[in-house]
Amino acid sequence: MRKLNLGCGLDIKKGYVNLDFLSIRGVDVVHDLNKFPYPFKDNEFDEVYTSHVLEHIDDLVKVMGELKRICKPGARIVVRVPHFSCGLTYNDPTHKTFFGYFTFDCFTDACFYDLPRFIIAKRKLNFTRLAFTSLNYVFNPIININPKMYERFFCWILPCSEVLFVLEVIK
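So the sequence shown is numbered by this note's numbering: it starts at 67 and just counts up by one.
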């Protein structure tokens, strides 16, 4: 089973091909994710993991197309990105895309755009506060009861830190 850790930075994962644009210790492949095509064959990976990377890229649609190309049919893509309500999201001038619970809906069959298609196998809002871990257990289930209502009315009162997506590649 081939796995890719896309934009790994210092989070080097054993058993994964670790890719980053910086040549640092533990990185297996050095590549700029804004340059296409990626240095992999078609249908090479069974799983891709990317954590807090996609918000930095120039063109999300092109990257999703490239991930579809390098993944096998049925491959899983695990995506962690900051939620648009998190104040830290706006503090980083390298953030180019902002994500919400429904961002990847445009990559499903429910959308009429001509974009790469995926199945959203899982998605979850994460209200993660390192200093207040007990609040995480209280708020995570609550904000995921009705994400649409949360994002419309409450996300600016109780901002969550990230969104987790698990996508399945359709070919």
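We treat Cβ as the ideally placed atom computed from N, Cα and C, and that holds for glycine.
Around the Cβ of residue i, are there at least 16 other Cβ atoms within 10 angstroms (buried) or fewer (exposed)?
i      : result
SER89  : exposed
ASN84  : buried
LYS101 : exposed
ASP86  : buried
Closest to residue i by CA distance: which of the options is it?
i      : options                        : result
LYS69  : LYS107, ALA176, GLY81          : GLY81
GLY153 : THR194, TYR179, ILE186         : THR194
GLY131 : HIS161, LEU224, VAL119, PHE184 : PHE184
GLY244 : LEU181, PHE178, ARG189, ASP98  : Shown here, the chain extends from 67 to 237; a query on residue 244 therefore has no answer.
PHE170 : LEU181, GLY73, TRP222          : LEU181
ASP98  : VAL129, ASP108, LEU224         : VAL129
LEU191 : PHE178, THR199, PRO207         : PRO207
ARG218 : PHE168, VAL93, ASN109, ASP125  : PHE168
Within its chain, find whatever has a CB closer than 7 Å to the CB of residue i; leave out the 5 residues flanking it on each side and keep chain order.
i      : result
PHE111 : ARG68, LYS69, LEU70, ILE136, CYS137, LYS138, ALA141
ILE186 : PHE170, THR174, PHE231, LEU233
VAL95  : VAL83, LEU85, PRO105
Identify, in the order they occur along the chain, each residue of the same chain with its Cβ nearer than 6 Å to the Cβ of residue i, setting aside the five sequence neighbours on each side.
i      : result
VAL144 : TYR115, VAL232
SER117 : ARG146
Does residue i come out as helix, strand or coil in the three-state DSSP assignment?
i      : result
ASP86  : strand
LYS79  : coil
CYS15  : Because the chain here runs from 67 to 237, residue 15 falls outside it and cannot be looked at.
ASN210 : coil
LYS128 : helix
VAL204 : helix
THR155 : helix
Assuming residue i and residue j are in contact, meaning their beta carbons sit under 8 Å apart, how far apart are those beta carbons, in whole angstroms?
i      : j      : result
PHE164 : THR155 : 6 Å
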